[in-house]
Amino acid sequence: MQKGQNVIIASDVLLGDNVTIGNNVVIYEGTIIGNNVIIQDNAVIGKQPTRAKASILPDVKKLPPAKIGSGVTVGTSAIIYANAEIGDDVFIADLATVRERVTVGEKTIVGRGVAIENDCTVGNRCKLETNCYITAYSKLGNNVFVAPCVVTTNDNFMGRTKERLDKFKGVTVKDGGRIGANVTVLPGKVIHEDGTVAAGSIVSRDVKSESLVVGSPAKEIRKVPDEQLLRNQ
Amino acid sequence: MQKGQNVIIASDVLLGDNVTIGNNVVIYEGTIIGNNVIIQDNAVIGKQPTRAKASILPDVKKLPPAKIGSGVTVGTSAIIYANAEIGDDVFIADLATVRERVTVGEKTIVGRGVAIENDCTVGNRCKLETNCYITAYSKLGNNVFVAPCVVTTNDNFMGRTKERLDKFKGVTVKDGGRIGANVTVLPGKVIHEDGTVAAGSIVSRDVKSESLVVGSPAKEIRKVPDEQLLRNQ
Amino acid sequence: MQKGQNVIIASDVLLGDNVTIGNNVVIYEGTIIGNNVIIQDNAVIGKQPTRAKASILPDVKKLPPAKIGSGVTVGTSAIIYANAEIGDDVFIADLATVRERVTVGEKTIVGRGVAIENDCTVGNRCKLETNCYITAYSKLGNNVFVAPCVVTTNDNFMGRTKERLDKFKGVTVKDGGRIGANVTVLPGKVIHEDGTVAAGSIVSRDVKSESLVVGSPAKEIRKVPDEQLLRNQ
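Chains as they are written, first to last, in the numbering used here: chain A, 1 to 233; chain B, 1001 to 1233; chain C, 2001 to 2233.
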C-alpha cells in the first residue's frame, strides 16, 4: 500500500493488494476495498447517511459498509456512502458523490461532480458525464450515456401532499439509452433501449427504443442512425 | 464533544453541548455553534470572503463570525462563510456552500452541492434540492421548494455597463413558492405565494399566487391543485 | 509564507514571496507558485490526471507541473491539475476544477464549482460564473462572460462510433462573447465577437458578432445594445 499523509482508516477496513491512498483520505469502518484501487486526496468512503430532521424519508439505521471493486479509481474529494457497491474498474471522478444503496456496474465512468442519489442501480460500461444528476430510485442499464449536466427528477408533487410519499419514482434508462447535455427528465419516465434524447430537451413521455427525440416536450424526429446503435459498436 | 482527527478549531470558537465534529474540519475564529450540531469531514465553517482582484463588488472588511443553530448538520466538504446565520435544525448537505450575509431559517434543507450566494435570505422549512443555485441578493420565504439544478440570476446586463452595478437584483420567492427542476429564473423576478413553475421552464415574468406556469417563456396553464397548496398540507 | 495546519507541499515546489496557504492543502511536485498567492483550505494543486480504464482518451504520461501566476487566489477545495497555467490575478473560487493543459488568462474569474475540462484556452478578464461547465477543447477569448450553470458540449455522437474520436470539438467564444444562464451550447459552435445568448437558450448554430440570440434553437432577435458592446465599456 502507498499511503499519503493525514490518512484516517478505520481499523477493520479490508484493503486489497497494491492500493494507493492519497492525502487526507477518510475510510470508515468495515469498508472493503479491492486490489489496485486508487483513492485520491480528500476522498471520504463509507460515510453513514445522516437524516435531515425535516426529512420525509424514514429514519436510518446503521448501514453495511461500502464495497469498492478492484481497479477502481476514486477522485479527489469524492464521497461514497456506506452500502454503496462499486464494481471493478469503475472510475469515479473528482467531487462526485455516490449515496447509500447504490450499485455501480463494472467499467462505468462517474464524471466529475456527478451525484448519484440513494437507491439507484447503474449498469456496466455507462458514462455519466460531468455534473449530471441521477435522482434517487433510478435504474440505468448497461452502456447508458448521460451527458454533462443532465437533470433527472422523481417527485411529480414538488414536495406537497402525503400521497406523493408512495409515488416517488426515479427515471429508467434501458441498455444503450442516451441523454444529451442539460436535458431534464421528468419523474418515472422510461428511456427504452438505444433511445436518445437531444441536448436541452425536456422528457415528459417515455422514449421508444431506437427513437431520437428533441424539444420541449421531446418528440421523435427520426430513428437513431444505425451506426450509433449499441449493437453496431 | 466528539472530535475526529486533524481538526482545526480556532481558540475562541463557542461550541454548544454534544457537538460532533468529523475529520479535517476547519472552524474559524469566533464561530458560534449550538447544541447537538454535527459537522462532517472536511467542512469549513466561518471562512472570510476573499475578493477577486477583478471583482466588481466593493472591498471587503473582516466580517462577524458565522452562527450555527442547534441541531444543525453540516455535510462533508460543505463551506459556510463568516456572517452566515444558520437556524436551528437546518440540514446542509455535502459540498454545499453558504456565503456571507446569508440567513437560513430553521428546519430548512440545503441539498448536496447547493450554492447560496452572498446576501440572501432563506426562510424556514424550505427545501433547496441538489445542485440548485441561489443567486446573490435573493429572498426566499417559508416553505419554498427549489427542485434540483434550478438556476436563478441577478444580472440583466450580463457583466456590461456601469449602470448595472445599481441594478443587480436577485429573485424573490414568496411563502410556498415552488420551482421545478432545471428551471431558469431571470433577474428580479418574483414568484408569489404558492406560485409553481414546471420543470425546465424559463421564468421571464413574475408568477402569480397559486398559478402554475410552464414553458419558455413560462405562462400560466392552470391553477395549482388545491391539495398541493401550502395551507392544505 | 503563512501556512495552515496539515499542509503537504512537495519538496521541489517553487513558492513566490508572501504566499498564504490554508489548512489541509496539497501541492504536488514541481508546482510553480507566484508572489502574493492565496491558496485556501483543502485545495489540491498540480494533481496528475488518472485515466479511467474505460476511457476513450489516450494513455497519459507524467505531465509538467502546474504554474500559478502572481496574485492568484485558489478557493477552498478547488482542484488544479498538472500542466495547467493560471495567469496573474486570476481568482479561482471554491470547489472549481481546472484540468490539465488548460491556460487561464490574467484577471479571469473562475466561479464557484466551475469545471474547465482538459485542453481549454481561456483568455484574460473573463468571468466564468458559478457552476458553468467548459467542455474539453474549448477556446474562450478575452472578456468572455459565461453566466451561471451554462453547459457546453463537444461530442455530437454521444459516445458512439469510432469516427467521433477524430471529431470532438469544444466550443469557441470570441472576445467579448456572452452566454446567459443555463444555456446549452452544442459541439463545435462558435460565438463571435460580442455575440450574446439569452438565458436558457440552446445554441445549435454559430452566433454572429454583436448579435443577440434567444430560444431553442437560438435565433437572432436584435443586435446587442451599443452600451453593452465591449468597446464601449
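The beta carbon of each residue, even a glycine, is placed where N, CA and C say it ideally should be. On a predicted model such as this, the values are computed, not experimentally measured, just so you know.
Residue-chain proximity (residue i, chain C), Cβ-Cβ < 8 Å
i: threonine 1031(B); result: no
i: glycine 1159(B); result: yes
i: leucine 95(A); result: yes
i: arginine 205(A); result: no
i: glutamate 227(A); result: yes
Beta carbon proximity, residue i to chain A, threshold 8 Å
i: serine 1216(B); result: yes
i: phenylalanine 2145(C); result: no
i: serine 1077(B); result: yes
i: leucine 2212(C); result: no
i: isoleucine 2039(C); result: no
i: isoleucine 2086(C); result: no
i: alanine 2115(C); result: yes
i: alanine 1066(B); result: no
i: glycine 1200(B); result: yes
Secondary structure of residue i, DSSP reduced to three states
i: leucine 1186(B); result: coil
i: leucine 1165(B); result: helix
i: glutamine 1002(B); result: strand
i: leucine 230(A); result: helix
i: leucine 63(A); result: coil
i: threonine 2103(C); result: strand
i: glycine 1111(B); result: coil
i: arginine 1178(B); result: strand
i: alanine 1043(B); result: coil
i: threonine 2031(C); result: coil
i: phenylalanine 1157(B); result: coil
i: glycine 75(A); result: coil
i: tyrosine 1081(B); result: strand
i: alanine 2136(C); result: coil
i: glycine 1218(B); result: According to the sequence provided, residue 1218(B) is alanine. The question's glycine does not apply to it. Residue state, collapsed to three classes: strand.
i: threonine 2130(C); result: coil
i: valine 2171(C); result: coil
i: leucine 981(B); result: No answer is possible for residue 981(B): it lies beyond the span of chain B, which begins at 1001 and ends at 1233.
i: lysine 223(A); result: strand
i: valine 1151(B); result: strand
Per-residue burial, residue i [other beta carbons within 10 Å of its own, 16 or more giving buried]
i: arginine 2101(C); result: buried
i: glutamate 1227(B); result: exposed
i: aspartate 1155(B); result: buried
i: methionine 2001(C); result: exposed
i: asparagine 232(A); result: exposed
i: glutamate 1989(C); result: Lying before the first or after the last residue shown, residue 1989(C) is absent from chain C, which here runs from 2001 to 2233.
i: leucine 2014(C); result: exposed
i: lysine 219(A); result: exposed
i: asparagine 1018(B); result: exposed
i: alanine 2096(C); result: buried
i: alanine 2078(C); result: buried
i: aspartate 89(A); result: buried
i: alanine 181(A); result: buried
i: proline 217(A); result: exposed
i: isoleucine 1221(B); result: exposed
i: lysine 67(A); result: buried
i: arginine 2205(C); result: exposed
i: serine 211(A); result: buried
i: aspartate 2094(C); result: buried
Supposed contact pair residue j and residue i - C-beta distance, whole angstroms, cut 8 Å
i: glycine 1087(B); j: threonine 1073(B); result: Not quite, the Cβ-Cβ distance comes to about 13 Å (not below 8 Å), so this is no contact.
i: valine 197(A); j: threonine 152(A); result: At roughly 11 Å, the Cβ-Cβ gap does not stay under 8 Å, so valine 197(A) and threonine 152(A) are not in contact.
i: proline 1148(B); j: threonine 1130(B); result: 4 Å
i: glycine 34(A); j: glycine 16(A); result: 4 Å
i: alanine 1084(B); j: valine 1098(B); result: 5 Å
i: glycine 2176(C); j: asparagine 2124(C); result: That pair is no contact at about 12 Å.
i: lysine 252(A); j: tyrosine 28(A); result: Nothing in the structure corresponds to residue 252(A), since chain A is present only between 1 and 233.
i: leucine 2128(C); j: valine 2146(C); result: 5 Å
i: glycine 195(A); j: valine 214(A); result: Rounded, the Cβ-Cβ distance is 12 Å, inconsistent with contact.
i: threonine 2103(C); j: glutamate 2117(C); result: Threonine 2103(C) to glutamate 2117(C), Cβ: 13 Å. No contact.
i: glycine 1141(B); j: valine 1173(B); result: 6 Å
Short CB-CB distance (under 8 Å) between residue i and chain B
i: asparagine 18(A); result: no
i: glutamine 2002(C); result: no
i: leucine 186(A); result: yes
i: lysine 47(A); result: yes
i: cysteine 2149(C); result: yes
i: threonine 196(A); result: no
i: tyrosine 137(A); result: no
Proximity test, residue i beta-carbon vs the ligand SAM heavy atom, cut-off 7 Å
i: alanine 1218(B); result: For the structure depicted, the ligand SAM is absent and the ligand set is empty, with no information on it obtainable.
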